[in-house]
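Read top to bottom, the protein sequences are chains A and B. Under our numbering, think of the first position of the first sequence as 1, with each following residue one higher. Under our numbering, think of the first position of the second sequence as 1, with each following residue one higher. One structure is given here, and the rest of the page talks about it.
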Amino acid sequence: MTRWSLRGGLRSARGFAAGAGFVAGLALLLLVLGYDPVRAAAALINGAFGSWYAFGSGTLVRATPLIMTGLAVAIAFRGGVFNVGAEGQFLVGATAATAVALYGPGGNSAATILLCFLAGAALGAFWAAIAAILRTRFHVLEVISTIMLNFAATYLVSYLVRGPMQEPTHVYPQTASIPHTAELARLPGETRLHLGFLVALVSAGIAWWSMRSTAAGFRLRVTGSNADAASSAGRIDVRRVVFSAFAISGALAGLAGAIEIQGVTFALYENISPGYGYTAIAVALLAKLDAALVIPAGILFGALEAGAAAMQRDAGVPSVVVSVVEASLILALLASRGIRQRFRDNV
Amino acid sequence: MTTLFAAFLASAIRTATPLGLAALGELVVERAGIINISLEGVILCGAFGALLGSTYGGVVGGFLGAIVLGIAMAGLFAWFVVRLRADQIITGTALTILAMGVTGTLYRALYGAAGAALSIPTAGPLAVPGLSLVPVLGPGVFDQPAVTYAFYASIFLLWWWMYRTLAGLGLRAVGESPAAARAAGIRVAGVRTWSLLFGGAMGGLAGGTLVLAQAGTFAEGMSAGRGFIAIAIVVLGRWHPAGVAIAALVFGAASAVQYLLQAAGLGLPYQLFLALPYVLTLLALAGVAGRTRAPAALAKVDEP
Numbered sequence: 001m002t003r004w005s006l007r008g009g010l011r012s013a014r015g016f017a018a019g020a021g022f023v024a025g026l027a028l029l030l031l032v033l034g035y036d037p038v039r040a041a042a043a044l045i046n047g048a049f050g051s052w053y054a055f056g057s058g059t060l061v062r063a064t065p066l067i068m069t070g071l072a073v074a075i076a077f078r079g080g081v082f083n084v085g086a087e088g089q090f091l092v093g094a095t096a097a098t099a100v101a102l103y104g105p106g107g108n109s110a111a112t113i114l115l116c117f118l119a120g121a122a123l124g125a126f127w128a129a130i131a132a133i134l135r136t137r138f139h140v141l142e143v144i145s146t147i148m149l150n151f152a153a154t155y156l157v158s159y160l161v162r163g164p165m166q167e168p169t170h171v172y173p174q175t176a177s178i179p180h181t182a183e184l185a186r187l188p189g190e191t192r193l194h195l196g197f198l199v200a201l202v203s204a205g206i207a208w209w210s211m212r213s214t215a216a217g218f219r220l221r222v223t224g225s226n227a228d229a230a231s232s233a234g235r236i237d238v239r240r241v242v243f244s245a246f247a248i249s250g251a252l253a254g255l256a257g258a259i260e261i262q263g264v265t266f267a268l269y270e271n272i273s274p275g276y277g278y279t280a281i282a283v284a285l286l287a288k289l290d291a292a293l294v295i296p297a298g299i300l301f302g303a304l305e306a307g308a309a310a311m312q313r314d315a316g317v318p319s320v321v322v323s324v325v326e327a328s329l330i331l332a333l334l335a336s337r338g339i340r341q342r343f344r345d346n347v
Numbered sequence: 001m002t003t004l005f006a007a008f009l010a011s012a013i014r015t016a017t018p019l020g021l022a023a024l025g026e027l028v029v030e031r032a033g034i035i036n037i038s039l040e041g042v043i044l045c046g047a048f049g050a051l052l053g054s055t056y057g058g059v060v061g062g063f064l065g066a067i068v069l070g071i072a073m074a075g076l077f078a079w080f081v082v083r084l085r086a087d088q089i090i091t092g093t094a095l096t097i098l099a100m101g102v103t104g105t106l107y108r109a110l111y112g113a114a115g116a117a118l119s120i121p122t123a124g125p126l127a128v129p130g131l132s133l134v135p136v137l138g139p140g141v142f143d144q145p146a147v148t149y150a151f152y153a154s155i156f157l158l159w160w161w162m163y164r165t166l167a168g169l170g171l172r173a174v175g176e177s178p179a180a181a182r183a184a185g186i187r188v189a190g191v192r193t194w195s196l197l198f199g200g201a202m203g204g205l206a207g208g209t210l211v212l213a214q215a216g217t218f219a220e221g222m223s224a225g226r227g228f229i230a231i232a233i234v235v236l237g238r239w240h241p242a243g244v245a246i247a248a249l250v251f252g253a254a255s256a257v258q259y260l261l262q263a264a265g266l267g268l269p270y271q272l273f274l275a276l277p278y279v280l281t282l283l284a285l286a287g288v289a290g291r292t293r294a295p296a297a298l299a300k301v302d303e304p
């Protein structure tokens with residue numbers, strides 16, 4: 001919570017100064033590299049907010065996976081679990097949903113969609129559970145294990161879309177399109193925005209409420225802030241809490257993958273995620289690990305991603321520059337002490 | 001058979017060199033009680049520094065550029081972690097993302113979006129007179145690029161420095177108990193900063209090795225998780241220079257087996273081989289991590 005104290009004011013001033021300095025630095029960098037910063041900024045803003053269509057089809061469509069994976073990261077971090085594997089969990093979730101849509105029992109649309117969601121969430125949770133077991137049983141740092149699992153997931157998708165799951169003509173490295181019954185409905189308003197956005201909003205609401213008002217949410221927060229105290233004074237089964245934090249986090253990231261397949265791409269291919277799982281870390285930290293704030297943070301980063309694509313198209317600025325923006329944002333927050341120190345005392 | 005083994009050994013050592021260099025640097029950092037997750041970003045910056053440096057100053061300029069950019073990245077990490085006492089894991093993650101963005105942007109801006117097939121001067125193998133003629137081991141071990149010899153040398157130098165000098169004792173003290181070290185008159189922040197800068201130089205050198213002694217070109221994200229594997233190697237090597245060197249060689253050997261299997265044409269999907277180092281890291285960590293002890297102050301914020 002921000003309080004209007006002198007210290008708080010100084011801290012936000014430091015953060016603001018860091019942010020302003022960073023924007024100036026970025027503009028200077030673009031200038032030195034021979035780009036037009038004004039044109040780049042105009043293209044970025046126009047691409048993200050220029051029209052109702054751009055906002056819905058660009059910003060909000062990209063915000064959907066970012067909100068979901070952002071929630072995944074926020075919940076894990078709250079529990080002292082440094083899950084940086086949302087990317088891999090997203091990919092296996094997308095894979096599971098595609099497999100169920102293509103080879104599953106079929107049937108009516110609602111049932112198919114639900115089954116795909118379940119499959120995506122389940123495989124995402126399973127992928128995270130590997131890291132959970134490695135940490136709780138073998139004391140393996142999850143930062144390392146989840147990154148390794150990200151690479152494994154990437155190659156798994158690469159293999160599947162060129163091997164057993166490749167489309168029937170065997171020309172393109174992707175799967176066949178999923179049947180229409182598995183596709184998510186578009187939301188009214190003539191944009192590409194789909195039902196998944198509502199799923200993301202509802203998920204954020206549920207996460208916010210359970211973190212705040214349920215015993216499980218309390219156990220998660222206590223374990224995250226001090227695992228030793230949680231187990232000795234609170235008689236909390238820390239291992240179990242850590243395990244559930246991993247599983248829920250993985251399930252949300254996996255569901256994000258399923259939604260991306262069913263709402264946006266309609267087929268699985270290698271570069272289905274432009275690094276949503278990594279951007280999710282910035283989203284969660286910007287939201288101060290508060291599930292409700294993940295929504296605006298996700299929309300902000302969705303706008304950045306959509307704007308960056310427009311910037312590359314219209315001003316020729318490489319879109320990877322967004323990673324610089326994301327990283328600098330986290331660093332500015334760290335410098336201004338906006339991020340609660342010490343997420344984990346239980347390495 | 002001997003030539004096949006020599007080729008296998010040469011390939012194992014070639015792969016082990018960048019991993020080992022980065023891991024030895026990270027070893028010093030972790031012995032000072034810091035975990036630098038952004039080693040991945042350091043290696044990537046090193047690789048980019050090698051590209052920049054080599055376009056102006058050949059191979060030597062390339063390695064210099066690699067080391068300078070590696071140190072710069074590590075210096076940024078040190079500023080956040082040692083000066084501002086920011087969370088090490090979050091800082092490291094942010095800096096890795098920053099490295100991806102900065103090198104990607106600069107690479108596309110300076111060398112074109114398509115990434116024209118750049119030809120960079122590379123460091124060829126340098127046979128050690130006499131030793132390279134030793135049967136079986138010679139050609140694999142002593143017919144390598146110069147940077148590999150630097151790797152061999154740094155194993156011994158580091159061991160000597162860590163266990164036979166007062167400064168090395170100070171380093172280990174800082175990693176076990178910063179408070180006790182401070183009471184004994186050791187400047188904890190100074191030791192940690194210098195360790196990080198050393199780790200940055202080694203990580204940068206590792207990135208330079210990838211570009212100048214292996215690939216002969218730069219590609220976006222070419223560090224490909226090596227920084228994280230190097231951190232795992234430090235754990236597998238039980239925070240000791242010799243252990244780290246052996247763990248790096250085991251990894252190199254595993255990769256060499258991967259090439260052999262791929263060449264043997266068993267009809268297995270190539271993605272399986274590509275995923276192998278990462279899966280292997282997981283399995284190896286599961287086997288070792290619980291049975292060894294990290295420096296006591298590792299990853300903890302030092303509050304004097």
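Even glycine gets a Cβ: it sits at the ideal position worked out from N, Cα and C.
- In summary, W209 of chain A is exposed, with fewer than 16 beta-carbon neighbours lying within 10 Å of its beta-carbon over all protein chains present.
- Among the CB atoms of chain B, one or more fall inside 7 Å of the CB of A327 of chain A.
- When rounded, the separation of the alpha-carbon atoms in V235 of chain B and G58 of chain B is 35 Å.
- DSSP places V279 of chain B inside the alpha helix (DSSP H), whose first and last residues are Y270 to V288.
- The beta-bridge partner set that DSSP reports for H194 of chain A consists of A:R186.
- In the assembly as shown, G79 of chain A is a buried residue. Its beta-carbon has 16 or more other beta-carbons within 10 Å.
- Judged by beta-carbon spacing, V81 of chain B lies within the 7 Å limit of Q88 of chain B, meaning their Cβ atoms are closer than that value.
- Membership of Q88 of chain B in the alpha helix (DSSP H) is indicated by the continuous run Q88 to Y111.
- Distance from the CA atom of R212 of chain A to the CA atom of L220 of chain A, rounded to whole angstroms, is 10 Å.
- Assignment of beta-bridge partners to Q312 of chain A by DSSP yields no partner.
- Not flagged as an interface residue toward chain A: L280 of chain B, since no C-beta distance is shorter than 7 Å.
- Using a Cβ-Cβ distance cut-off of 8 Å, the stretch 84 to 102 of chain A and the stretch 310 to 323 of chain A are not in contact, since fewer than three pairs of beta carbons, one from each stretch, lie closer than that value.
- Under the DSSP assignment, V38 of chain A falls in the alpha helix (DSSP H) whose first and last residues are P37 to F49.
- By the Cβ neighbour-count rule, T169 of chain A is exposed, with fewer than 16 other Cβ atoms within 10 Å of its own.
- Just so you know, the alpha carbons of A72 of chain B and I330 of chain A end up roughly 19 Å apart.
- For F48 of chain B, the enclosing alpha helix (DSSP H) stretches over residues L39 to A78.
- For L334 of chain A, the residues of chain B that pass the 8 Å Cβ criterion are F80, L84, A86, D87, I90, T91 and A94, in the order they occur in the chain.
- Along the stretch 130 to 153 of chain A, the positions whose C-beta sits under 7 Å from a C-beta of chain B are L134, F138, H139, V140, V143, I144, S145, I147, M148, F151 and A152, read in chain order.
- Here DSSP, grouped into helix, strand and coil, assigns A119 of chain A to helix.
- The straight-line gap separating the alpha-carbon atoms of A253 of chain A and Y269 of chain A is approximately 17 Å.
- When C-beta distances to chain B are compared with 9 Å, every residue of the stretch 170 to 183 of chain A stays at or above that value.
- In the three-state reduction of the DSSP assignment, L126 of chain B falls in the strand class.
- Counting C-beta pairs closer than 8 Å gives three or more between the stretch 169 to 176 of chain B and the stretch 12 to 31 of chain B, which meets the contact rule.
- The beta-bridge partner set that DSSP reports for D143 of chain B consists of B:A127.
- Secondary structure of Q262 of chain A (DSSP, three-state): helix.
- Within the same chain, R85 come within 6 Å of V301 of chain B by CB-CB distance, once the 5 residues on both sides are set aside.
- For R108 of chain B, the chain A residues whose C-beta falls within less than 8 Å of its own C-beta are P318 and V320, listed in chain order.
- Among the residues of the stretch 213 to 228 of chain B, those with a Cβ less than 7 Å away from any Cβ of chain A are G225 and F228, in the order of the chain.
- Of the residues assessed, G21 of chain A falls on the exposed side of the cut-off, its CB having fewer than 16 other CB atoms within 10 angstroms.
- For L331 of chain A, the enclosing alpha helix (DSSP H) starts and ends at V321 to A335.
- With a contact defined as Cβ atoms closer than 8 Å, V92 of chain A and L66 of chain A miss out at about 18 Å.
- Counting only residues of its own chain and dropping the five nearest sequence neighbours on each side, A153 of chain A has a CB closer than 7 Å to the CB of G88, L91, V92 and W127.
- Listed along the chain, the chain B residues whose CB falls inside 8 Å of the CB of L331 of chain A are F80, T91, A94, L95 and L98.
- Nearest to M222 of chain B by C-alpha distance, out of B:V211, B:A167 and B:I13, is B:V211.
- Cβ proximity to chain A below 8 Å picks out P269, Q271, L272 and L274 from the stretch 252 to 274 of chain B.
- Close to chain B, meaning a Cβ-Cβ distance shorter than 9 Å, is no residue of the stretch 230 to 250 of chain A at all.
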